[in-house]
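For reference, the structure is listed below as structure tokens.
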Amino acid sequence: MIRTEYLTRLGLPAPEQFDLATLFHVHRQHLYRIPFENLDIHSGRKIELDIERIYQKIVHEARGGFCFELNGLFHWFLKESGYSCYFISCAVYIPTQEKYGADGGHMAIIATVDDQQWLVDVGFGNSFPEPLALKSRGSISHHGQHYRLDQDLEGYYILCNSRDLKIWTPLYRFRDIPVPFDYFEPFCEFHQTSPLSPFTQRKLCSQLVEGGRITLAGNTLINTINGLREEIAVDEQEFDHYLQELFGISLQHSIQ
Numbered sequence: 001m002i003r004t005e006y007l008t009r010l011g012l013p014a015p016e017q018f019d020l021a022t023l024f025h026v027h028r029q030h031l032y033r034i035p036f037e038n039l040d041i042h043s044g045r046k047i048e049l050d051i052e053r054i055y056q057k058i059v060h061e062a063r064g065g066f067c068f069e070l071n072g073l074f075h076w077f078l079k080e081s082g083y084s085c086y087f088i089s090c091a092v093y094i095p096t097q098e099k100y101g102a103d104g105g106h107m108a109i110i111a112t113v114d115d116q117q118w119l120v121d122v123g124f125g126n127s128f129p130e131p132l133a134l135k136s137r138g139s140i141s142h143h144g145q146h147y148r149l150d151q152d153l154e155g156y157y158i159l160c161n162s163r164d165l166k167i168w169t170p171l172y173r174f175r176d177i178p179v180p181f182d183y184f185e186p187f188c189e190f191h192q193t194s195p196l197s198p199f200t201q202r203k204l205c206s207q208l209v210e211g212g213r214i215t216l217a218g219n220t221l222i223n224t225i226n227g228l229r230e231e232i233a234v235d236e237q238e239f240d241h242y243l244q245e246l247f248g249i250s251l252q253h254s255i256q
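Position 186 of the sequence shown, counting from 1, maps to 186 under our numbering, and the rest follow consecutively.
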């Protein structure tokens, strides 16, 4: 695995130094160049927490992945670049049930740069564009979406999202406790096989673009640009066409 190959996949040259500005730049560029997708789950290709296989898929096959793959590879890049970082276990908020799912259902990263801790996450479907400071109560914005970190009395950090800076909805929560990569193996298996997993319900591919986000979800193409949402019905053939045209993914060329 070669760090410069990963940067090339992001459309970036090798930086002169690996500092906070570089972390922000690479984080943002990752979200614009590598999609969040679950296509392997629907094509019978098993996803394993093997960083070399993940590297092959994302860098050489020009694919995306879901949180365990995307953040797994980003963590590898950060470590290779000299950043101090570790995985954290998150529980995703389920709005329809008004409660959090299982701890471990999502993986994120905490990186420490210049004695400050940052939440790093390039593997969440509704992801914030740049790292969030753990100790800051400020928010960051991206084309009508706003994100901030709160903390409750139990010691959980809570990532929240808002459209109007008035009503804030939880996305996920976590504690600042390091966990190893293999901690997520049962959750990775669950999300691939369980009928209760949102990832087994329909094919999904989503990516940040200038002005907003594009998403293929089941039989719908969703364009959310400058706060305006457009939905277009697509059939199976059109799904594959848009997958290639919008995300550069051809499953026929992906190594099985």
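We put the beta carbon where it would ideally sit given N, CA and C, even for glycine.
Measuring CA to CA, which of the options is closest to residue i?
i	options	result
A91	D176, L228, S250, F247	D176
G72	D152, V209, G123	G123
L7	L20, S43, E80	E80
P257	I47, L20, P35	With the chain running from 1 to 256 in the structure shown, residue 257 is simply not present.
P115	Y100, C85, G144	Contrary to the premise, residue 115 reads as Asp rather than Pro in this sequence. Comparing Cα-Cα distances from D115 to each of Y100, C85, G144, the minimum goes to C85.
Q117	L23, E231, L228	L23
Q244	E189, D50, P35, T224	P35
H30	I41, E69, M1	E69
R9	P180, Q17, A62, C160	A62
N226	S197, P198, S194, G144	G144
E238	R229, D50, A217	A217
Y242	I222, V179, P180	I222
I88	D121, F77, V234	D121
T112	P129, N126, A133	A133
D235	L246, F247, T220	T220
E210	I54, R148, D19, R33	R33
F18	Y83, L165, E230	Y83
G104	E230, C67, F74	C67
N126	S197, S136, F74, P170	P170
K57	E5, G101, I94	E5
L39	T215, L228, R137, E231	T215
W168	E154, L149, P178	L149
P198	A21, H60, T96	T96
P15	A233, F77, E231, E52	F77
Is residue i near residue j, with beta carbons less than 8 angstroms apart?
i	j	result
H25	P131	no
H106	Y172	yes
G212	T224	yes
S43	L204	no
I41	Q207	no
G64	E37	yes
L49	F184	yes
H146	L165	yes
I109	H142	no
Among all the DSSP beta bridges, which residues are the ones paired with residue i?
i	result
R173	A91, I158
K79	Note: K79 sits in no beta bridge, so no partner.
T112	S84, Q117
L208	R213
S141	H146
G65	F36
Y100	Y93
L132	L119
L228	I225
H106	C90
Q252	Q252 is not bridged to any residue.
Q151	Y157
V179	F87
Taking the alpha helix (DSSP H) that residue i belongs to, which residues open and close that run?
i	result
L49	Neither: L49 is in no alpha helix (DSSP H) and is coded neither H nor E.
Y242	236-247
Q192	185-193
Where do the ends of the beta strand (DSSP E) carrying residue i lie?
i	result
T220	220-225
Practice problem: Please specify which runs of the alpha helix (DSSP H), each continuous and at least 4 residues long, are wholly inside the segment 2-40, giving them in chain order. | Solution: Along the length of the segment 2-40, whole alpha helix (DSSP H) runs at least 4 residues long occupy 3-9, 20-33, reported in chain order.
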